[in-house]
Ligand SMILES: [Zn+2]
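Numbering (the working numbering), first residue to last: 1142 to 1393.
Structure follows, in structure tokens:
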């Protein structure tokens, strides 16, 4: 009887240690970070909104160095979506770097730093903005693809998708995919909703238009297969030390 009890305790112990290990591996939450524009220093013409979203080249360099020094491995948004769908393993400390709106300053200032660290990233482009003043042109986007960066859709005209008619919603999602695919000769499967605005109709539309996944919610890194059309992300804004601030929780 005593022996039996001892055996039972031993087995329970092994299982609980095993359980803790499994829990430790699966509890890592892949962070999705969102960047907007970049610039070396503040220009007098900048509005407070622009200043808020513009990350300095210096700060970005420090952030990428932090990721590199601390063993993070950037992966593309689609790679993350595929891993959730197919239950595939990801590199240790995977992180998804996303860049919104197609700003030219991303290409000018952030891309050289990403390349320095051999980091990949996903650029969510508004198809009607491409080639506009302050935005990347088609050749810039082709160059990004040639350097193994991913291009995703950030809709056609950057409308708040929850506030428009269902016809307009479909056209925002469908047209941007079509234009980007035609001009860039690639498949577009990643989507980011403007202003993170989404609801069940928006998610259903994204699914029916054959996006593989979409970036929606924000503020937490808590994603699973259930969140595939509303993957949560965190903005990185103009803050000298965003990884230690109240605006961005410490990375896992
Ligand atoms: Zn946007």
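Don't be surprised by glycine CBs; every beta carbon is placed ideally from N, CA and C.
{"Query": "8 Å Cβ cutoff met for residue 1306 and residue 1266", "Result": "no"}
{"Query": "Proximity winner among 1368, 1349, 1346, relative to residue 1356 (alpha-carbon distances)", "Result": "1368"}
{"Query": "Distance cut 5 Å, beta-carbon to ligand 1 heavy atom: residue list by chain order", "Result": "1241, 1242, 1335"}
{"Query": "Helix, strand or coil at residue 1215 according to DSSP, with G and I counted as helix", "Result": "strand"}
{"Query": "Contact check, residue 1243 vs residue 1277, beta carbons under 8 Å", "Result": "yes"}
{"Query": "Those runs of the beta strand (DSSP E) which lie wholly inside the segment 1242–1298 and span at least 3 residues", "Result": "1263–1266, 1291–1294"}
{"Query": "Contact set for residue 1103: own chain, Cβ-Cβ below 7 Å, skip 5 residues either direction", "Result": "Any answer about residue 1103 is impossible in this case: the structure gives the chain only from 1142 up to 1393."}
{"Query": "For residue 1236 and residue 1172, believed in contact at Cβ under 8 Å, the rounded distance", "Result": "5 Å"}
{"Query": "Candidates 1333, 1290, 1286, 1250: closest to residue 1298 by CA position", "Result": "1333"}
{"Query": "Limits of the unbroken beta strand (DSSP E) element including residue 1376", "Result": "1372–1376"}
{"Query": "Whole-angstrom distance between residue 1273 and residue 1279, CA atom to CA atom", "Result": "10 Å"}
{"Query": "Simplified DSSP assignment, three categories, for residue 1173", "Result": "strand"}
{"Query": "Minimum C-alpha distance to residue 1314 - residue among 1234, 1352, 1241, 1227", "Result": "1352"}
{"Query": "N-terminal and C-terminal residue of the alpha helix (DSSP H) that residue 1200 is part of", "Result": "1198–1210"}
{"Query": "Whether residue 1232 touches residue 1259 by CB criterion (8 Å)", "Result": "no"}
{"Query": "Residue 1202 versus residue 1230 - alpha carbon distance", "Result": "28 Å"}
{"Query": "Separation of residue 1285 from residue 1195, as counted between CA atoms", "Result": "21 Å"}
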